[in-house]
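> Converting from the sequence shown to our numbering requires adding 17 to each position, the first position being numbered 1. Before I ask anything, here is the structure I am working with.
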Amino acid sequence: MKQRLAQLLSVLFLVSVFSGMPAGASADRSVLLTFTGDCTLGSEEAKRVNDNSFDSVVGREGLSYPFEKVRFLFEADDLTVVNLEGVLSDSASGENTAKTYRFRGPAEFVKILSGASVEAAGLANNHTGDYGTRGLEDTQRILSEGGIAWFRARTPYLLEKDGIRVAFYAVNSFQEPTFQNDLNWLRNEIRRVKQDGEADAVIVLFHSGSEYDACHTVTQEKIGKSFIDNGADLIIMHHPHVVQGAAVYENRTMLYSLGNFVFGGNSEIRTKPYHTWEVSSLYSLIARVRLDFSDDGVFLGQAVDLIPAYTSSDAPHNNFQPVPVCGEDAEPVYRAVQYDTAFPLPELTEEDGYSVIRLPYLDAGSPVPSRDAN
């Protein structure tokens with residue numbers, strides 16, 4: 018009886034979380050995905066022992082603390098993906114002291130992810146190399162041993178659910194001198210896997226943009242569109258540390274920046290003057306995406322919800338525990354997204370304890386690319 022009751026409650030919970038999403042075009046199968054902004058599960062070496070460092074806070078509060086207020090969202094999907102900025106390793110060897118900021122957390126911090134129903138991490142960013150090759154290899158091994166899939170330049174991840182295959186790729190525009198070669202490879206690879214039927218949908222995490230800038234760059238837009246021209250179905254971008262806008266191109270969504278999320282690299286919330294107002298690393302977005310498919314794997318369309326969140330419930334201090342927000346608290350996040358979005362956003366809708374920016378449903382159309390896409 019208890020097992021049946023638990024199953025019933027689980028079904029009711031899933032319905033309550035996702036019933037508000039657009040119905041779409043008679044989908045036979047769907048894949049539910051959640052994306053967050055930048056996650057740094059560690060500290061700088063010199064600050065690790067500070068009372069307000071990420072390591073110290075987690076030491077006091079426990080490994081479940083950072084994602085405690087958002088775990089219910091992650092548990093209701095098929096896959097939760099974070100952009101993991103930093104290294105997981107018990108060794109500080111190989112630290113790149115030429116960099117201004119280097120972030121590392123101990124191996125046990127992988128349980129922060131697995132315990133919060135985070136299943137995958139993008140590793141194409143400007144901090145996975147903070148501790149050299151050793152640090153990157155440790156991070157990849159620790160994630161794998163902890164049950165967390167990972168992907169980076171030229172190393173994709175393939176999610177399979179009910180016969181549907183979704184390929185995840187990531188590339189870092191600051192990875193010199195290899196970025197241009199990685200970019201060319203990725204464009205060709207996206208086109209190949211779509212044409213050869215190896216993936217029914219392709220998602221790209223693109224690390225690019227200008228830090229603490231309210232607006233996306235020409236590079237973000239141009240390269241994001243080039244991924245779609247070659248067959249990508251969803252582009253999620255990171256790096257600016259603040260929320261930016263959304264765009265629709267060829268019936269595909271590009272999200273220019275989700276902002277920070279669990280960001281252990283800074284114990285304070287940073288704001289920066291921008292024209293007549295301020296941008297703030299307090300504001301964040303959780304992207305909840307439903308990809309719809311026919312029974313034979315044809316991609317039908319996508320529903321994208323943007324959930325406003327704060328990176329801390331104790332601003333201007335960062336308590337490293339993001340929380341979804343609603344009502345008046347959600348409005349500045351909404352305004353930040355709208356500022357960098359060319360089309361009028363739908364009004365905020367309210368769900369159980371949080372607000373949602375529900376983007377219009379996008380029918381897929383026909384972007385299996387031609388051979389001359391570039």
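Positions of the beta carbon are idealized from the N, C-alpha and C atoms, including for glycine.
1. Where does GLU238 sit, in a helix, a strand or coil, going by DSSP?
2. Beta carbon of ASP213, beta carbon of ARG46: below 8 Å?
3. Are there three or more Cβ pairs, one per stretch, closer than 8 Å when the region 212-231 is compared with the region 244-255?
4. Could you name the residues of the same chain whose beta carbon sits closer than 6 Å to that of GLY262, not counting the 5 residues immediately before and after it, in chain order?
5. Excluding the five sequence neighbours on either side, which residues of its own chain have a C-beta within less than 7 Å of the C-beta of VAL285, listed in chain order?
6. Starting from LEU160, trace the alpha helix (DSSP H) in both directions and tell me its first and last residue.
7. Quick check on this structure: which residue in ASP55, GLN338, PRO83 has the alpha carbon closest to the alpha carbon of PHE126?
8. Using the DSSP secondary-structure output, state which residues sit across from LEU379 in a beta bridge.
9. Are the region 152-162 and the region 187-204 touching by the rule of at least three beta carbon pairs closer than 8 Å?
10. Return the first residue and the last residue of the beta strand (DSSP E) that ALA138 is part of.
11. Rounded to whole angstroms, how far is the Cβ of GLU102 from the Cβ of CYS56, which I believe are closer than 8 Å?
12. If I measure Cβ to Cβ from ASP179 and keep anything under 6 Å in the same chain, skipping five residues before and after, which residues do I get?
13. Please give the ranges of any beta strand (DSSP E) in the region 88-152, keeping only runs that are unbroken, at least 3 residues long and fully inside the region.
14. Among SER372, VAL306, GLY382, VAL340, which residue has its Cα nearest to the Cα of ASP95?
15. Spatial neighbours of CYS232 within its chain, please: C-beta separation below 7 Å, excluding the five flanking residues on both sides.
16. Taking the alpha-carbon positions, what's the GLU367 to ALA264 distance?
17. Does LEU50 pass the burial test, meaning 16 or more other C-beta atoms within 10 Å, or should it be called exposed?
18. Pick out whichever of PHE191, LYS128, PRO377 has its Cα sitting closest to the Cα of PRO361.
19. Please name the residue or residues paired with ASP55 in a DSSP beta bridge.
20. Compute the beta-carbon to beta-carbon distance between ALA187 and LEU222, rounded to the nearest angstrom, for a pair I have assumed lies under 8 Å.
21. Between ALA347 and the rest of its own chain, which residues show a CB-CB distance below 7 Å, the 5 nearest in sequence each way excluded?
22. What is the rounded straight-line gap between the Cα of ARG375 and the Cα of GLY111?
23. Just reading off the alpha helix (DSSP H) that LYS211 is part of, what are its end residues?
24. Would you kindly report the start and end of the unbroken beta strand (DSSP E) that includes PRO290?
25. Give the straight-line distance between the Cα atoms of VAL104 and PHE120, rounded to the nearest whole angstrom.
26. Hey, how far is the Cα of GLY164 from the Cα of TYR174?
27. Residues in the same chain with beta-carbon distance under 8 Å from GLU162, minus the five sequence neighbours each way, listed in chain order, please.
28. To which residues of the same chain is ALA170 closer than 6 Å at the C-beta, ignoring the five residues directly before and after it?
29. How big is the Cα-Cα spacing for LYS116 and ASP369?
30. Measuring alpha carbon to alpha carbon, tell me which residue in PRO194, VAL75, GLU345, LYS64 is nearest VAL279.
31. If you follow the alpha helix (DSSP H) that GLU408 is part of, which residue opens it and which one closes it?
32. In terms of alpha-carbon separation, which member of PHE337, GLY344, PRO363 lies closest to GLY54?
33. Evaluate LEU302 with the Cβ neighbour count: other Cβ atoms within 10 Å of its Cβ, from every protein chain shown; 16 or more gives buried, anything less gives exposed.
34. In three-state terms, what does DSSP make of ILE165?
35. Please go through the region 298-375 and give each complete beta strand (DSSP E) segment of 3 or more residues, from N-terminal end onward.
36. Would you say TYR273 reaches chain D, if we count a Cβ-Cβ gap shorter than 8 Å as a contact?
Looking at the coordinates:
1. GLU238 falls in the helix class under three-state DSSP.
2. Against a cut-off of 8 Å, the Cβ pair of ARG46 and ASP213 comes out as no contact.
3. Enough Cβ pairs lie closer than 8 Å, so yes.
4. Within the same chain, GLY262 has close Cβ partners TYR273, VAL354, ASP357, THR358.
5. The amino acid occupying residue 285 in the given sequence is Glu; Val does not appear at that position. Apart from sequence neighbours up to five positions away, the residues of its chain that approach GLU285 with a beta-carbon distance below 7 Å are PRO333, HIS334, ASN335, ordered along the chain.
6. According to the DSSP assignment, LEU160 belongs to the alpha helix (DSSP H) that extends over 149-162.
7. Per the Cα distances, PRO83.
8. Beta-bridge pairing links LEU379 to GLN319.
9. No: fewer than three Cβ pairs fall under 8 Å.
10. Segment 137-139, the beta strand (DSSP E) holding ALA138.
11. Between CYS56 and GLU102 the Cβ distance is about 6 Å, and since that is below 8 Å, they are a contact.
12. Setting aside the 5 residues that flank it on each side, ASP179 is surrounded in the same chain by ARG46, each with a C-beta closer than 6 Å to its C-beta; the list follows chain order.
13. If only complete runs of 3 or more residues are kept, the region 88-152 shows the beta strand (DSSP E) at 96-101, 137-139, in order along the chain.
14. Checked all of SER372, VAL306, GLY382, VAL340; the closest Cα to ASP95 is VAL306.
15. Taking CYS232 as the centre and dropping the five residues before and after it, the same chain places the C-beta of GLN261, ASP357 closer than 7 Å to its C-beta, in chain order.
16. Cα atoms of GLU367 and ALA264: separation of roughly 23 Å, rounded to the nearest angstrom.
17. Counting Cβ neighbours within 10 Å, LEU50 comes out buried, since at least 16 surround it.
18. Among PHE191, LYS128, PRO377, the Cα nearest to that of PRO361 is on PRO377.
19. Residue pairing by DSSP places ASP55 opposite ASN100, ASN277 in a beta bridge.
20. Contact annotation, ALA187 with LEU222: C-beta distance approximately 4 Å; criterion of less than 8 Å satisfied.
21. Answer for ALA347: PRO325, LEU365, SER372, listed in chain order.
22. Just so you know, the alpha carbons of ARG375 and GLY111 end up roughly 44 Å apart.
23. Per DSSP, LYS211 belongs to the alpha helix (DSSP H) from 196-212.
24. Counting along the chain, PRO290 sits inside the beta strand (DSSP E) bounded by residues 288-291.
25. The straight-line gap separating the alpha-carbon atoms of VAL104 and PHE120 is approximately 6 Å.
26. In this structure, the alpha-carbon of GLY164 lies about 13 Å from that of TYR174.
27. Close CB contacts of GLU162 within its chain, under the 8 Å cut and outside five residues either way in sequence, are with VAL127 (chain order).
28. Answer for ALA170: ALA141, VAL188, ASP199, listed in chain order.
29. Those two C-alpha atoms are separated by around 43 Å.
30. Ranking the options by Cα distance to VAL279, first place goes to VAL75.
31. Lying outside 18 to 391, the shown extent of the chain, residue 408 is not represented and no answer is given.
32. Closest by alpha carbon: PHE337.
33. When all chains shown are included, LEU302 counts as buried.
34. Coil, per DSSP.
35. Those beta strand (DSSP E) runs which fall completely within the region 298-375 and span 3+ residues are 300-310, 316-327, 372-375.
36. This model lacks chain D altogether; it includes just one protein chain.
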